[in-house]
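Let me begin by presenting the structure, written as structure tokens, before commenting on it.
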Amino acid sequence: GKELGESQLTSLVKEVSDPNRIKDQLSHFAGDIVTGVGLLFKGCKTGISDAETRRLHKKLLIPFIVAIVVSFIVVKLLLLPVLGVMWLVSLTTTLSDSTWEYAHDISNQFVFGVPFITMQVMRYFYFEPFEKVFFSCLRVQDNALAERLLSYEPRSGKKNMMIMLKKTYHLAKLGLVYALLSSIPVVKAIALPISEYLVMHKKFGVKVGLLYFAAYGIGLGVYAHAVQSYWLGSRVLSGELIGATYLFRCRLSHEDNSKLTKKFDSVFLGFGLPLFVAFAVPYIGCLSFGIAFAAASSLASYVDNNCREYTHTIDTPSLLYSTRQEKQIKTGLLSDSRKDI
Numbered sequence: 001g002k003e004l005g006e007s008q009l010t011s012l013v014k015e016v017s018d019p020n021r022i023k024d025q026l027s028h029f030a031g032d033i034v035t036g037v038g039l040l041f042k043g044c045k046t047g048i049s050d051a052e053t054r055r056l057h058k059k060l061l062i063p064f065i066v067a068i069v070v071s072f073i074v075v076k077l078l079l080l081p082v083l084g085v086m087w088l089v090s091l092t093t094t095l096s097d098s099t100w101e102y103a104h105d106i107s108n109q110f111v112f113g114v115p116f117i118t119m120q121v122m123r124y125f126y127f128e129p130f131e132k133v134f135f136s137c138l139r140v141q142d143n144a145l146a147e148r149l150l151s152y153e154p155r156s157g158k159k160n161m162m163i164m165l166k167k168t169y170h171l172a173k174l175g176l177v178y179a180l181l182s183s184i185p186v187v188k189a190i191a192l193p194i195s196e197y198l199v200m201h202k203k204f205g206v207k208v209g210l211l212y213f214a215a216y217g218i219g220l221g222v223y224a225h226a227v228q229s230y231w232l233g234s235r236v237l238s239g240e241l242i243g244a245t246y247l248f249r250c251r252l253s254h255e256d257n258s259k260l261t262k263k264f265d266s267v268f269l270g271f272g273l274p275l276f277v278a279f280a281v282p283y284i285g286c287l288s289f290g291i292a293f294a295a296a297s298s299l300a301s302y303v304d305n306n307c308r309e310y311t312h313t314i315d316t317p318s319l320l321y322s323t324r325q326e327k328q329i330k331t332g333l334l335s336d337s338r339k340d341i
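Residue numbering for the sequence shown follows the working numbering, starting at 1 and increasing by one per position.
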């Protein structure tokens, strides 16, 4: 067992240190980044030039602006009690300037986060306009794929709500861990490295997680945090866009979905990075969310043409049944033709 472990370690070191392999990986990575950026601009160009897509996007801007204004007012109202309590405490206790600055920083983060909160709410509860923009642009680029996707049963509003609550729950867990670690004096200094290690370990494995954790130990924490934010943010954004419009209609298994996402990881990064930077512009950036859905049509077409090993089953509509048909199959009212394939 010891000899086997040593041989595996030796082969791993040789594989990692092979200059030709590293060169090929970097070349492939750079090529995928360029491909992703190209798909983004291709989709944006189609969305801007197509009259129907432009019309749908203009209709989407009005409710988006109204939603942002309403969310801004609601968040401000929710923050008033916090600031009010601090003001009452300050009447009897002298609060340091850092405490006030901390409170205002939290307030500003909530306020500047309003567009992203609004975007997520509209993404899950007001999805039909975004879907229309996507399919309008997809028909121009790949009409066959558009018709095939439209033939499948869309996800229900209840399912969308459960997905959003599940994602919010996972984010809340990480935030709670960070808050608890930050409250412990001795652990406070490494709270952020630990939380980021947990994220990177889950996404990329223990090696990458330890690499990010070590970056804080040698004074590169600021850069590691920036890389993590843009890297993960871009990938997640691309995954949200294509997941909402294409992947959920494919009804892939969790395993195939993970394999597909991993295969196009670098393409997703190149596609999502410019959008992630654009959305970071307060209030203005998120107004281009509709165009992002239009651009996602080119990404969906590219993925569909390059991942047949995962999505080939959706080419045959008979392989995918509606919820009602699945119930009829279980009760014997409908035969399952998939058994014959």
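All C-beta atoms, glycine included, are put in the ideal place defined by N, C-alpha and C. Predicted model only: the values in this text are computed from it and were never measured.
Query: From Thr261 to Gly36, what does the alpha carbon distance come to, in whole angstroms?; Result: 13 Å
Query: If you run the structure through DSSP and keep just helix, strand and coil, what is Leu61?; Result: helix
Query: Between the Cα of Glu240 and those of Glu255, Leu275, Asp256 and Val227, spot the shortest distance and give me the residue it belongs to.; Result: Leu275
Query: Assign Cys307 to one of three DSSP states: helix, strand, or coil.; Result: coil
Query: Do Thr245 and Ala300 have their C-beta atoms closer together than 9 Å?; Result: yes
Query: So, at 6 Å on beta carbons, what are the nonlocal neighbours of Ser234 in its own chain, with the 5 sequence-adjacent residues on each side left out?; Result: Leu269, Gly272, Leu273 and Phe276
Query: With DSSP collapsed to three states, give me the class of Ala280.; Result: coil
Query: Helix or strand or just coil, what does DSSP make of Phe248?; Result: helix
Query: Val267 and Tyr342 - do their beta-carbons sit closer together than 9 Å?; Result: Only positions 1 to 341 of the chain appear in this structure, which leaves residue 342 out of reach.
Query: Does the beta-carbon of Lys45 have 16 or more other beta-carbons within 10 angstroms, so that it is buried, or is it exposed?; Result: exposed
Query: Should Lys60 and Gly290 be called a contact, given that it needs their Cβ atoms to be closer than 9 Å?; Result: As written in the sequence, residue 60 is Leu, which differs from the Lys given in the question. Cβ atoms of Leu60 and Gly290: closer than 9 Å.
Query: Roughly how many whole angstroms lie between the Cα atoms of Ser258 and Ala295?; Result: 22 Å
Query: In whole angstroms, give me the CA-to-CA distance for Leu320 and His28.; Result: Reliability of the predicted coordinates at Leu320 is poor, the pLDDT of 41 falling under 50, and the value obtained from them is presented with this limitation in mind. Rounded to whole angstroms, Leu320 to His28 spans 35 Å at the Cα level.
Query: On the CB-based measure, 16 or more other CB atoms within 10 Å of its CB, does Phe41 come out buried or exposed?; Result: exposed
Query: By alpha-carbon positions, which one of Leu145, Asp304, Phe72 and Leu39 ends up nearest to Ala292?; Result: Leu39
Query: Compute the distance between the beta-carbons of His57 and Val133, then report whether it is under 9 Å.; Result: yes
Query: What is the DSSP secondary structure of Phe127, counted as helix, strand or coil?; Result: coil
Query: When you compare the CB positions of Asp265 and Asp32, do they come within less than 9 Å of one another, or not?; Result: yes
Query: Quick check on the DSSP output: the alpha helix (DSSP H) that includes Leu145 runs from which residue to which?; Result: Asn143 to Leu150
Query: Pull up the CB-CB distance for Ser136 and Asp256, whole angstroms please, since I reckon it's below 8 Å.; Result: About 28 Å; that fails the 8 Å criterion.
Query: Does Phe135 come out as helix, strand or coil in the three-state DSSP assignment?; Result: helix
Query: Using only the alpha-carbon positions, how far apart do Cys250 and Leu149 sit?; Result: 8 Å
Query: According to the Cβ coordinates, are Gly347 and Ser297 closer than 9 Å?; Result: In this structure the chain extends from 1 to 341, so residue 347 is not present and cannot be described.
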